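All residue numbers for the sequence shown refer to the working numbering, where the first residue is -8 and numbers rise by one.
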Amino acid sequence: MSARWFHRSCPICEASCGLRVLADRERREVLRIEGNAEDPISRGHLCPKATALAGVFEDPDRIRRPIRRMPDGDWAELDWDEALDFAAEGLRRIQTEHGPEALGLYIGNPSGFDVGSLLYNRYLFEALRTPRMFSAATMDHFPKLYTSRVLFGKGSILPIPDIDRCDYFLCLGGNPIVSQGSLMGAPDVRKRLRAVQERGGRIVVVDPRRTETARVADEHLFIRPGADAYLLFSLVHVIFEEGLLRPGRLGEHVDGLDEIRALARDFSPESTARATGIPAETARRIARELSTHPRACVYGRIGTCTVEFGTLASWLVDVVNILLGRYDEPGGMMFPRPATGQHEPGGPLPPIPIGPYRTAVRGLPTIDGHLPASSFAEELDPERAGEKRVRGLFVVAGNPVLSMPAGDRIARGLASLDFMVAVDIYLNETTRHADLILPTAPQLTHDNYDFLCQSTSIHNFARYGEAVFEAEPGEKRSWEIYLELAARMLGTDAATLDQMGLVQNVTRFAGKLGLDTQAVLDALGPERGPMRLVDLQLRCGPYGDHFGRRPDGLTLEKLKAARRAIDLGPLEPRLLDILRTEGRRIRLADPLITDDVARLRERRAAYETAEGLRLVGRRQPRGMNSWLHNLPALAKGRPRCTLIVHPDDAARRGLHEGCRARVRSRAGVLEVDVALSDEVMPGVVSLPHGFGHGEPGVRLDVARERQPGANANVLTDDGPLDVPSGTSVANGIPVEIEAC
Ligand SMILES: Nc1nc2c(c(=O)[nH]1)N[C@H]1C(S)=C(S)[C@@H](COP(=O)(O)OP(=O)(O)OC[C@H]3O[C@@H](n4cnc5c(=O)[nH]c(N)nc54)[C@H](O)[C@@H]3O)O[C@H]1N2
Ligand SMILES: Nc1nc2c(c(=O)[nH]1)N[C@H]1C(S)=C(S)[C@@H](COP(=O)(O)OP(=O)(O)OC[C@H]3O[C@@H](n4cnc5c(=O)[nH]c(N)nc54)[C@H](O)[C@@H]3O)O[C@H]1N2
Ligand code: SF4
Ligand SMILES: [Mo]
């Protein structure tokens, strides 16, 4: 038997747990997956989704070769050269006939966990030459990127809660016990939260549902969906009114405190209580508790981002932390130091680019290169976008039909495209509309480096993940696909393009250290692909060996030998070093954000008098957005796509446990099973997204049979936006429900 243990991290969520995989290489069989107890960051943790690494590898429905849709609707396999030629021709034809803007690009979530995709997607951008860039970001954390871009000069300088050292954790609109932490890479978050309490700290959760996290917290506050900006402003009000302001070390570098004081004047807890549903005395107490706990930390996630005031809420999370001196200090919100050097000091960056491209239908601008997910459906629609519609689309690791607003209209738009290519491993609700699907080799067949996860981790680390199996002939990794396609479109060959990219990177990274370019190129060796770039960045990075100048420093070779994460220490104060704003100031009251306060004021009355039901989202332990429902181990059990309704709301509408209900929003209608529970506040219903696998033409046999569910994003209205950032409003959607 040729089985042995392999060491790598799980590429499914941000926790990026270090795993041990026992596999028989010859028989291409995974025998066991377990948490690596010797990994200093994840300490043996893993969750049920880790089995997906083997599950996806073995899944008979996984696409293994490029397939092309034939005129009769059937799919035919083709070889890679034919497939890439076909893709390049189709995309180029659209560029030539209608201009590059007629092409769209959509990048989905799993690409963030594949270093090859992250480091090589630039070739896609170069080849497609389109400003029409859509992604999951504007349905996710974009308000955080936007506020960081405005306040700190760079969107990826994201504040991360230092939960291992905090003594008070105020969590708004996040459910880390289930999501395993987001913008908070924290393997075994349950244990870490328990540790906060064991050291005498306190956890407060603000959520319209008593979530799994709320259940372990010391206190849970129901809040009306979308109302967090009112609550947070009321905390700011109390901080000024009760003299709790203590910005500490950062104080000297912050402008705009007087403006913020003035803005907060109208948002006393007494005046916001009706809008939020949280009593004034509770909000006052929370503000005081935050100020008296020396290591308090305020954190907001999906429920504060994909809402009507996502930017204001995300910004106010920053503001409260900054006013209380809880920013860039142990136990507060801190800034990781990735070993590959993305967040090292640098000169000021220009202000956030808004436009110049504007969408065809609503004239919405690109913001820092991103278009709103909520404009996707209409930009595909021939009736609405006319001659300026997206005619050709390239989708990478995304399932927008289930994950973006107005999913049903997206499906219709995809069906009317002239040409569509998907890089994906399943024939699903989105990719079934493609003319061509290019599958990537399964995760287990390529090595990886936790490139993105190291920059949102609660502890500094670097980890290499080894390939468990060799790729089979005829399998390609994402970076090879991008490179080979781009080479065809740009009229060159992949090796030349790769070499050019390498030289550019060496010039940039090694140049900063004054190293000899040729010597560095020689040291990196001839093996093509992302790992050579990772090695370059690691060695030139903050902990690197600087190609021999600091012999004790990090190299990829050392990471490989470690077979686990290398612990680079707790997060350390560094914001002032890495600020990229003009004059290195933090303009806390920038009009790019505060201009939206007028809208918040105007909408207050509507929140106070709101009637009817509001829909919010929910994540579940055995799924990852839309794509793990096809694995038997994760799809088993009762149907999970249920609408949770409060018993009082149900009684009024004649709904009972297990009945079918019709849910209607301004955008659409669906039918779903009802579950009754007082875990949601009255007036709120909760439905998970990522289901709706019953469509014809989808090759997801297990999902279709065991967990078909309904597509929650049929109900997500693509009209309203978080105005400053263009983020979608996926929580707090007005809905009506009736028994069917
Ligand atoms: N209503 C509502 N909608 C939401 C959300 C919500 O909370 N509520 N959350 C939003 C958020 S936060 C996100 S991130 C988005 C996610 O939105 P998307 O990224 O569009 O959707 P996913 O379901 O993650 O789809 C992942 C796709 O990648 C494919 N895939 C998996 N592994 C690989 C691989 O190794 N290679 C390739 N090439 N493809 C692979 C899968 O088959 C699937 O098609 O959804 C958003 N949508
Ligand atoms: N098992 C699993 N893990 C995942 C994912 C998954 O699909 N499954 N997805 C991954 C992805 S892509 C992401 S981005 C992260 C997301 O990570 P989280 O943000 O931690 O996850 P959610 O469960 O979406 O939590 C959002 C919470 O916001 C609440 N909420 C809704 N509206 C409001 C509001 O107006 N105010 C407040 N205060 N709360 C509100 C919801 O009830 C919900 O509990 O999870 C990641 N991890
Ligand atoms: S918590 Fe996330 S990274 Fe860890 S095993 Fe589960 S899915 Fe994988
Ligand atoms: Mo996400």
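Yeah, the Cβ is synthetic: ideal placement off N, Cα and C, and Gly gets one too. The structure displayed is predicted, hence computed values, not measured ones.
Taking a 10 Å sphere around the C-beta of Gly99, we find 16 or more other C-beta atoms and assign the residue as buried. Taken through DSSP and simplified to helix, strand or coil, Arg400 comes out as helix. Following the DSSP letters along the chain, one finds His89 inside the alpha helix (DSSP H) bounded by residues Trp71 to His89. Cβ-Cβ separation between Pro39 and Pro623: approximately 12 Å, too far for a contact (criterion under 8 Å).
Unbroken beta strand (DSSP E) stretches of 3 residues or longer found wholly inside the region 78 to 151: 94 to 98 and 124 to 126, given in chain order.
The DSSP-derived three-state label of Met491 is helix.
For Gly46, the uninterrupted alpha helix (DSSP H) run begins and ends at Ala43 to Glu49, by DSSP. Contact between Leu443 and Phe143 does not hold, since the beta-carbon distance rounds to 18 Å and is not under 8 Å. The continuous beta strand (DSSP E) containing Thr633 extends over residues Thr633 to Val636. Within the model, the alpha-carbon separation for Ile724 versus Arg403 is close to 22 Å. Ligand 1 has a heavy atom closer than 8 Å to the beta-carbon of Ser617.
Linking Thr297 to Arg215 through their CA atoms gives a straight-line distance of about 14 Å. Not one heavy atom of ligand 4 is found less than 8 Å from the C-beta of Ser0. Excluding residues up to 5 positions away in sequence, Leu393, Gly398 and Gly683 lie with their Cβ nearer than 6 Å to the Cβ of Asn702 in the same chain.
Proximity of the beta carbon of Ala218 to ligand 2 is indicated: a heavy atom of the ligand is located closer than 8 Å. Secondary structure of Arg643 (DSSP, three-state): helix.
Annotated three-state conformation of Asn722 is coil, per DSSP. The C-beta distance from Ala556 to Pro167 rounds to 20 Å, too long to meet the 8 Å contact threshold.
Residue Ala330 holds the alpha-carbon nearest to the alpha-carbon of Gly560 among Gly346, Gly516, Ala330 and Cys162. In the DSSP secondary-structure assignment, Pro356 is bridged to Arg349. Comparing alpha-carbon positions, the option among Arg530, Leu362 and Gly502 lying closest to Leu515 turns out to be Arg530. For Gly608, the uninterrupted beta strand (DSSP E) segment begins and ends at Leu604 to Arg609. Taking 4 residues as the minimum length, the alpha helix (DSSP H) runs contained wholly in the region 286 to 373 are 293 to 296, 301 to 314 and 367 to 371, in order along the chain. Beta-bridge annotation (DSSP): Met411 is paired with Leu384. Along the region 620 to 706, the beta strand (DSSP E) occurs as fully enclosed runs of 3 or more residues at 633 to 636, 651 to 655, 660 to 667 and 675 to 679, listed in sequence order. Here the region 155 to 174 lies against the region 186 to 193, with 3 or more beta-carbon pairs under 8 Å apart.
Taking 9 Å as the cut-off, the Cβ atoms of Ala274 and Leu226 count as close. Closest in alpha carbon position to Leu303, among Pro342, Asp249, Leu583 and Gly247, is Leu583.
Within the model, the alpha-carbon separation for Gly688 versus Arg59 is close to 14 Å. The count of Cβ pairs closer than 8 Å, one atom from the region 313 to 324 and one from the region 119 to 129, stays below three, leaving the stretches out of contact. Within the region 153 to 185, the runs of beta strand (DSSP E) at least 3 residues long that lie entirely inside it are, in chain order, 159 to 163.
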